[in-house]
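Note that the sequence shown covers residues 1 to 309 in full-length UniProt numbering.
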Amino acid sequence: MTSDLPRGPAALAALDPRLPSPLEELRDERFARRGLRLLLKRDDLIHPELPGNKWRKLEPNLAAAASGRHTLFTFGGAYSNHLRATAAAGRLLGLATVGVVRGDELADRPLNPSLARCAADGMRLLFVDRATYRRKAEPEVLARVTARAGLTADDCLVVPEGGSNAAAARGCAGLGHELRGVADVVGVACGTGGTLAGLAAGLAEGQRAIGFPVLKGGFLEAEVERLQTEAFGARRGAWHLDDRFHGGGYAKTTPELTAFADDFTTRHGLPLERLYVAKALHGLTTLAEEGAFARGMTVAAVVTGAPAT
């Protein structure tokens, strides 16, 4: 696929992302009675067609593609916001996109709304078995998968699952920069770790970030450290993970989480995306009620996406 659309930085600027993303203060009695302020960093409002904060991770990768290669080749699960964002960005920039989807059993089923949106935006979907998917970073496996699309690794820009690579971490450092001097603690949900890696690196001294993994397994700390080392040369910023709020794993919820999200919407009129955002806010609220934050502190939650429509 080729296009007469402008390429390079001018093409990305034409997408008109809303940066810095809006910052909103909420009056929540669970924080207020402990002398805390609660802010929402509304990264879900950066761009109307790219879900949530994915712009920050995609922008440096899109810049590389728009300057030369014409195909974005990436990976995700059946409900991946990253796949949706990549497909939308490709359509807007005139770039071909290929999405490798985990689970070959899905190939003969009707597309779910997320994958249907990807297809409508022009993304070619390749379904692979889960064993192959787990080995997708191995050069010989990647070569086989790209060959299925009639491509080689040299023909396309390969973007990892979730968009998390060193370039994405550097892009997400802008989130930390926007929050300098604004909050003492910043909480964010974590899937592949790129947002936390950049956020923590971009915060100022004296600020700290808390990541709330949405997958279980305890692997994420090493992954965030790896991303920071590749992007910045070493571990950066004050950050840690709280692994209590994944709700059983990716795309899973619990009655407690559902009740929390419903109550939050009733209190504040803001529907919460359940796979990421609700878990982060549940974690921050629990920590506030446990007394983890000193009186007078300001706590910010990064709203990384909106509920699917």
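Think of the CB as a built atom: it goes at the ideal place given N, C-alpha and C, for glycine as much as any other residue.
On a predicted model such as this, the values are computed, not experimentally measured, just so you know.
Residue 136 is not bridged by DSSP to any residue.
Apart from the 5 residues on each side of it in sequence, residue 158 sits with its Cβ closer than 6 Å to the Cβ of 73 in its chain, given in chain order. Secondary structure note for residue 113: its alpha helix (DSSP H) is the uninterrupted segment 113-120. By a beta-carbon distance limit of 8 Å, residue 253 contacts residue 274. Their separation comes to about 6 Å. One thing to note: residue 42 has its Cβ no nearer than 9 Å to the Cβ of residue 297. In the same chain as residue 260, and ignoring 5 residues on each side of it, the C-beta atoms closer than 8 Å to its own belong to 278, 281, 282 and 285, in chain order. Residues 78, 127 and 130 of the same chain have their beta carbon placed closer than 7 Å to that of residue 103, with the five preceding and five following residues left out of the count. When rounded, the separation of the alpha-carbon atoms in residue 29 and residue 188 is 21 Å. Of all alpha-carbon atoms in 215, 291 and 262, the one lying nearest the alpha-carbon of residue 249 is that of 215. Of the candidates 205, 195, 123 and 145, the residue whose Cα lies closest to the Cα of residue 221 is 195. 295 is the residue among 155, 13 and 295 whose C-alpha sits nearest the C-alpha of residue 35. Distance from the CA of residue 90 to the CA of residue 245, rounded to the nearest whole angstrom, comes to 33 Å. For residue 240, DSSP records a beta bridge to 210. Each of 117, 64 and 94 was checked against the Cα of residue 83, and the nearest Cα belongs to 117. For residue 279, the uninterrupted alpha helix (DSSP H) segment begins and ends at 277-289. By the Cβ rule, the region 218-235 counts as touching the region 195-208, because three or more pairs are nearer than 8 Å. Residue pairing of residue 76 in beta bridges, as defined by DSSP: 101. Rounded to whole angstroms, the gap between the alpha carbons of residue 25 and residue 39 is 4 Å.
Closest option to residue 146, judged by alpha-carbon separation, among 242, 219 and 100: 100. Within the same chain, and ignoring the five residues on either side of residue 112 in sequence, the residues whose Cβ sits closer than 8 Å to its Cβ are 78 and 79.
Residue 176: member of the alpha helix (DSSP H) spanning 166-178, first to last residue.
Per the C-alpha coordinates, the member of 233, 238, 193 and 231 positioned closest to residue 205 is 238. Excluding its 5 nearest sequence neighbours in each direction, residue 269 has no C-beta neighbour in its own chain below 7 Å. Non-local C-beta neighbours of residue 59 in its own chain, meaning closer than 7 Å and more than five positions away in sequence, comprise 12 and 171, ordered along the chain. With respect to the 9 Å criterion, residue 304 and residue 150 are not classified as neighbours on the basis of their beta carbons. The alpha-carbon separation between residue 18 and residue 174 amounts to approximately 13 Å. When the five nearest sequence neighbours on each side are left out, no beta carbon in the same chain lies closer than 6 Å to the beta carbon of residue 33.
For residue 41, the secondary structure class from DSSP, reduced to helix, strand or coil, is strand.
By the criterion of a C-beta distance shorter than 7 Å, residue 55 is surrounded in its chain by 17, 46 and 47, once the five residues flanking it on both sides are discounted. Only residues of its own chain outside the window of five on either side were considered, and among them 271 have a CB closer than 6 Å to the CB of residue 265, listed in chain order.
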